[in-house]
Structure formats: structure tokens, C-alpha cells
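Peer 1: In the numbering used here, the protein residues as written are 192 to 788. Using N, Cα and C, we set each Cβ at its ideal position, and we do this for glycine too. The structure displayed is predicted, hence computed values, not measured ones. I'd like to ask some things about the structure below.
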RNA sequence: GCGCCCAUAGCUCAACUGGAUAGAGCAUCGCCCUUCUAAGGCGAGGGUUGCAGGUUCGAGUCCUGCUGGGCGCGCCA
């Protein structure tokens with residue numbers, strides 16, 4: 192109740208200064224120094240150097256041309272017209288014409304009340320204005336387990352979604368399941384061959400098949416459920432097939448022929464094998480991601496898109512718009528009319544629709560579901576794909592700018608000072624599950640998002656695994672655990688924290704470390720807005736390191752559990768607020784905030 | 001060859017989107033546990049921001065050209 196009142200009354204320092212500057216600008220206009228039409232952008236920034244005060248603006252330098260006076264004189268003119276505010280202790284001109292603001296010490300701690308009142312909601316803002324965002328990420332083909340490359344997209348996408356939700360967007364998280372197409376047929380054929388082998392048939396495994404051991408698991412499950420009722424003699428299966436790569440043939444031609452043979456022999460039963468493989472792998476992926484703290488609102492099936500005729504409908508639409516032509520027996524989309532390098536095939540000469548055709552339908556469908564913003568998180572190797580999808584959106588009379596493709600660079604894994612070579616084909620890759628078991632979910636999630644997504648990243652397994660001071664994740668979690676333990680210590684002495692008492696005595700907080708912490712806490716909401724709109728969760732990681740650093744410095748500089756009750760309450764209240772913000776920030780990154788370590 | 005991304009301390013990376021003396025961690029070297037968790041703190045050294053121009057009050061950030069690295073350029077997905 193009390194807090195609800197405070198919540199609405201407290202303004203951030205930045206807001207206060209912005210209001211003051213607006214008043215000053217208005218006054219400049221009435222004084223005839225500035226044209227009425229002028230509406231300068233208010234750029235107020237946190238200072239890097241304490242000597243420059245707490246906040247600063249470059250407003251005077253921005254206005255210098257319009258006013259026709261040197262920046263420092265403009266600055267003086269602005270300062271002369273600033274209204275008095277108790278929160279502002281001092282204002283001065285510095286450097287080329289910056290106006291520096293020094294906040295009153297008492298005002299600095301207003302933020303503590305705000306944090307404790309808003310709790311999990313501290314930092315929430317409304318820059319999203321309730322706009323509906325669809326975040327599609329991971330979307331790895333369900334042909335095998337996720338590997339560490341998918342992990343980065345998963346961690347990044349999940350954190351971006353958390354950020355956007357916090358920033359006032361309505362977020363839906365979606366995984367596009369590529370359960371149609373040739374790759375899935377290859378998976379089914381691979382599974383069937385393993386099944387035949389389990390049934391005692393000596394069928395050679397195709398060179399282009401999925402070699403991973405997980406295929407055996409699916410085959411075993413098939414034996415369990417269907418006995419050998421899906422089996423055919425090896426001779427029948429292999430009769431008349433072209434040579435595989437191992438016999439000097441073409442592995443692509445071989446696998447296609449094998450798929451055809453599987454479908455011919457199995458008839459409707461092919462679907463049983465297909466579904467068994469798909470379901471098993473998809474479930475594995477779902478469990479894997481869930482254990483990684485990554486969940487989705489929707490697992491969108493490519494097959495459902497085809498079965499419901501949406502792919503045909505999308506092609507039809509393009510056709511009606513006159514953007515489709517036929518050449519060499521295939522249907523082409525005129526994507527080059529919209530900035531793509533060349534036109535693209537949507538229906539092959541063999542009648543099969545391309546992956547791109549489904550993707551057009553999928554993105555069109557996303558917009559039909561009335562999302563305002565579409566975010567796709569893709570591996571950077573797919574960047575060449577962006578123009579054609581945007582081209583399709585434009586051709587379908589939708590706004591291509593509604594689509595934001597966020598590219599995530601690959602992560603190289605390092606262990607023992609050596610780069611780990613990975614190849615998907617041979618099944619020689621580190622799985623996400625392996626990584627999680629190796630370094631733990633918290634460390635993995637944190638390592639993935641602590642770098643800008645478009646930066647190439649080195650993932651040092653030894654470092655992520657090390658439970659030492661070298662590992663930044665423990666540094667942050669340790670700060671949180673320390674606070675919890677201090678509060679426990681106080682409670683054991685019968686000194687439970689009473690935040691109302693603490694808030695009433697924030698004027699006793701005079702140490703530098705205390706002021707530094709308060710300033711850091713106040714920066715958090717704008718950090719959320721900035722990180723969300725820039726899709727940059729790594730900013731949260733850096734902030735949390737700073738906040739943890741502030742807490743550790745405070746811990747070393749001051750004693751919290753002291754006899755003087757008012758000072759004690761003020762300090763405990765402050766660290767409660769720090770704990771809250773640590774929790775909020777770690778939650779965005781999907782990292783646990785342990786109470787003890 | 002064309003297109004996209006990247007290049008910042010010995011190493012891994014930031015830099016609030018054009019602002020003040022470019023900052024952290026690791027590594028190196030000094031200090032600080034009879035005190036609420038030393039997985040911590042304080043301090044020192046370390047830079048021509050790949051190179052060369054340009055834009056302006058002001059550039060790591062923007063524009064042009066190079067150099068070096070990654071990725072992409074299928075009727076694959």
C-alpha cells in the first residue's frame with residue numbers, strides 16, 4: 192500500500208533532468224534565443240567519470256548552431272533558465288560545452304524504495320507499447336540432437352524474448368519444426384536401415400545417412416513396438432539400387448533411390464518409421480532445451496503448413512501478383528525485383544516445393560496471426576537468405592521491415608588451449624547436452640550471451656567449467672549468495688531486516704560504495720529499455736558484473752551487521768535492493784541466483 | 001569474382017548507438033582475512049582502436065579505398 196504510493200511518485204533522475212531541460216528550452220524560446228520550431232533531442236547520459244557529476248547532457252552543443260553562440264555560452268544560457276530542484280545539488284559547464292549534473296546524496300537512494308516496491312517488476316518499461324512480437328529461434332532440423340552451435344541461438348533467443356517481454360512487448364516464442372522435405376526422408380531411411388540391421392538383415396548403411404548413435408535408439412524402439420513386421424529381406428531392399436559412395440557411386444543418388452525403395456516397400460508403414468524418428472528426436476530436443484531453461488509457446492510444424500494448403504496458397508498469391516514465372520519446368524519467384532541477387536525457385540521441376548516456398552508461407556502466416564514484429568534468430572551462415580524472404584514479404588504486400596533477422600555467429604569451442612574441430616556429417620560434434628553436463632546450465636547460458644551475438648565467439652570450456660575466480664558467472668552468483676548469507680547472519684542475531692526503517696535512514700549511507708551502488712541500481716531500467724530495443728542481452732551480463740563488483744567492494748569496505756540499528760537497517764535495506772536487481776538480471780539470462788555457494 | 005559480418009591491451013571482450021583522459025576480466029607484479037563467505041577487495045604496469053584518407057565543434061563508432069579473417073553465393077535444407 193505504502194509502496195504503491197511511492198512507486199508512482201518516484202521519478203528517475205533522468206526524467207527529472209529531462210523535464211528541467213525542457214523547461215529551460217521553452218524559456219529560451221520565449222526569450223527569443225531559440226526559434227519556436229526548435230525541438231532538440233534530449234540526450235542525457237550517465238557520466239563515465241565521477242568528476243563529471245552523475246548525469247550530463249550535450250544539449251548546448253546541439254543547439255550551438257541554432258542559437259548562434261559558442262557552446263559554453265549556450266550552456267550558461269540553459270543553466271540560467273533551469274528550475275530549482277532539491278534533487279539536483281550542483282550544475283556546471285565542462286569541457287567543450289557539456290552540462291554536468293550532480294545529484295543530491297539523499298535523492299540517490301530514492302531508487303532503493305523503488306526497487307523494493309516493484310520487486311520482480313523493477314526495470315519493466317513500456318517502450319514496447321504492447322506490440323506483438325514473434326520470436327522464432329533455434330528451429331534446428333529434427334534430424335539429430337542439438338549441438339553447441341544451436342546452444343548459442345537458444346540462449347540468445349530466450350534472453351531476447353525475456354528482455355522484450357520486460358520492455359512491454361507481447362512476446363510469443365516459436366520453434367519452426369522442419370518436419371517436411373528430403374532431409375526428413377533421409378532420416379527415416381537411415382532409421383529403417385538401422386532397424387533392418389537390428390532385425391538381422393545385413394543392409395549397408397548409406398554414406399549420406401545420419402550416422403549418429405541416436406538412430407539406433409529409434410530403431411530399437413521400433414523393434415520394441417513392431418517386432419520385425421516392418422522388415423524386408425536385405426536382397427529385396429538393395430536389389431537394383433545404384434552404387435553408394437563407398438562403391439564409387441554418388442551418395443546423393445544412392446540415398447534418393449534408397450528413400451524411394453523404402454517408400455515402395457513400406458507403403459503406409461513408411462510413415463510409422465518416419466514418425467517414430469521425428470517424434471523421438473523432437474522429444475529429445477524439447478527435453479534438452481527445457482533442461483537448458485529454454486521453452487517455447489509453439490512448435491510450428493512445416494508439415495502442418497503444407498497439409499493445410501498454406502504453401503500452395505502463398506504461391507498462388509505470388510502468382511496472382513504476377514511475381515511467378517516458369518522456366519525449365521520449375522516455378523520461379525521474381526525476388527530480384529525486390530533487391531535479391533537473383534530469382535529463386537519455389538517449385539522444382541520434379542513438382543516438389545522448396546524449403547523457401549514453405550518459408551514464404553510461414554512468414555506470411557506469422558503476419559496473418561497479427562504480429563507487429565517478426566524476429567528470426569538465425570545462424571550467420573544463413574545471412575544470404577534474408578533478402579529473398581524480405582522480397583517475398585514485399586511481394587505479398589506486407590512490410591518487409593516488420594521482419595528483423597538477428598544473426599548469431601558461430602562459437603568455436605576451446606579445450607586445453609586447442610580449438611575443437613567439429614563436423615556435423617560424421618557425427619563428430621559436441622552436443623548441447625554434453626556441454627550442459629560438462630559446464631552446467633548457468634555457466635553455459637551466461638557464456639553464450641555475454642558476447643554480442645554478431646561477434647565471433649570463443650567458448651573456453653575449461654574456463655566455463657572452472658569453479659574459480661576466473662569464471663565470471665560465479666562472481667555474480669557469489670555476490671547474490673553473499674547478500675543472502677549476510678541477511679541470514681543478521682536474522683540469527685534477531686535483527687531481521689525492516690525495510691521501512693532502513694528506507695527512513697538512507698541518509699546514514701555516506702560511504703562511496705553505497706552511493707555507487709545506488710547509482711548503479713538507478714541505471715537498471717534504462718538498461719533494460721536499451722538492451723531490449725537493441726536485442727543485446729550481453730549488456731545485461733556486463734551490467735551484472737558491474738553490480739556484483741559494486742557489492743563486493745561494499746562488502747569489503749563496510750560492515751553490514753552492526754550494533755547501530757538504524758545504520759544496520761539502512762545497509763541491509765540497500766543490499767536487499769541489490770539482491771533484487773541481481774535476481775532480476777540473472778532471470779533475464781536464464782541463470783540461477785543461488786542463496787549459498 | 002560478387003555480397004554480408006568482423007578487426008580495440010599479451011589473451012577473451014566492452015564502450016550507453018557521434019561525446020570528455022578508450023574500459024573490464026584473465027595473465028603479470030605489489031598489498032588486504034582475530035571482521036557478516038578471500039569464488040572477495042585495493043593498487044600498478046600494459047593502446048598509433050588493422051592501414052590510409054574524408055565528413056564536423058568532436059570519430060573506436062559515419063563515408064571511401066586498401067590489408068587480413070569468417071560466412072554466403074543450388075531446382076539442398
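Output the boundary residues of the beta strand (DSSP E) element that contains residue 491.
Peer 2: Residues 489-492.
Peer 1: Where do the N-terminal and C-terminal ends of the beta strand (DSSP E) with residue 523 fall, by residue?
Peer 2: Here the beta strand (DSSP E) through residue 523 covers 521-524.
Peer 1: Could you give the distance in angstroms between the alpha-carbon of residue 591 and the alpha-carbon of residue 649?
Peer 2: The straight-line gap from Cα to Cα measures roughly 33 Å.
Peer 1: On the DSSP bridge list, what partners appear for residue 686?
Peer 2: Answer is none; residue 686 lacks a bridge partner.
Peer 1: Give the DSSP bridge partners of residue 516, in chain order.
Peer 2: DSSP lists 523 as partners of residue 516.
Peer 1: Can you tell me the Cα-Cα spacing of residue 637 and residue 722, whole angstroms?
Peer 2: Cα-Cα distance, rounded: 16 Å.
Peer 1: Work out the CA separation of residue 270 and residue 223 for me, nearest whole Å.
Peer 2: Taking the straight line joining both Cα atoms gives about 16 Å.
Peer 1: Look up residue 639 in the DSSP assignment and say whether it is helix, strand or coil.
Peer 2: Note: residue 639 maps to helix in three-state DSSP.
Peer 1: Would you list the residues sitting across from residue 289 in a DSSP beta bridge?
Peer 2: Residue 289 pairs with 285.
Peer 1: Do residue 492 and residue 370 have their C-beta atoms within less than 8 Å of each other?
Peer 2: Contact flag set, yes.
Peer 1: In this structure, does DSSP put residue 533 in helix, strand or coil?
Peer 2: Residue 533: coil per DSSP, three-state reduction.
Peer 1: Classify residue 435 as helix, strand or coil using the three-state DSSP reduction.
Peer 2: Of the three classes helix, strand and coil, the one that applies to residue 435 here is coil, per DSSP.
Peer 1: Residues in the same chain with beta-carbon distance under 7 Å from residue 547, minus the five sequence neighbours each way, listed in chain order, please.
Peer 2: Cβ within range, chain order: 535, 537 and 579.
Peer 1: May I ask you to verify whether the segment 280-297 touches the segment 236-251, counting CB pairs closer than 8 Å and requiring at least 3?
Peer 2: The segment 280-297, when compared against the segment 236-251, does touch it at the 8 Å Cβ threshold.
Peer 1: Going by other Cβ atoms of all chains shown within 10 Å of its Cβ, with 16 needed for buried, is residue 455 buried or exposed?
Peer 2: With fewer than 16 Cβ atoms within 10 Å of its Cβ, residue 455 is classed as exposed.
Peer 1: Which runs of the alpha helix (DSSP H) at least 4 residues long sit entirely within the segment 571-603? Give them in chain order.
Peer 2: Whole alpha helix (DSSP H) segments, 4+ residues: 577-586.
Peer 1: For residue 380 and residue 475, what's the separation of their Cα atoms in angstroms?
Peer 2: If I take the Cα positions, the gap works out to 19 Å.
Peer 1: To which residues of the same chain is residue 582 closer than 6 Å at the C-beta, ignoring the five residues directly before and after it?
Peer 2: 526, 529 and 531, listed in sequence order.
Peer 1: Please tell me whether residue 770 and residue 671 are closer than 8 Å, where the distance is taken between their beta carbons.
Peer 2: Yes; because the gap between Cβ atoms is below 8 Å, this pair is in contact.
Peer 1: Anyone know if the C-beta pair for residue 501 and residue 467 falls short of 8 Å?
Peer 2: Not a contact, by the Cβ cut-off of 8 Å.
Peer 1: Once you ignore the five residues that flank residue 641 on each side, which residues in its own chain have a CB closer than 6 Å to its CB?
Peer 2: Taken in chain order, the residues that qualify are 729 and 732.
Peer 1: Please name the residue in 700, 745 and 784 whose C-alpha comes closest to that of residue 755.
Peer 2: Selected option, being the one with the closest Cα: 700.
Peer 1: According to DSSP, is residue 700 part of a helix, a strand, or is it coil?
Peer 2: Reduced to three states, the DSSP call for residue 700 is coil.
Peer 1: Residue 631: which of 715, 781 and 408 sits nearest, CA to CA?
Peer 2: The residue with the shortest Cα to Cα distance from residue 631 is 781.
Peer 1: Runs of 4 residues minimum, wholly inside the segment 306-381: which ones carry the alpha helix (DSSP H) assignment?
Peer 2: As far as the segment 306-381 is concerned, its whole alpha helix (DSSP H) runs of at least 4 residues are 339-357.
Peer 1: Kindly give me the distance between the Cβ atoms of residue 322 and residue 361, rounded to whole angstroms, as I take these residues to be in contact under 8 Å.
Peer 2: So it is a contact: roughly 7 Å between Cβ atoms.
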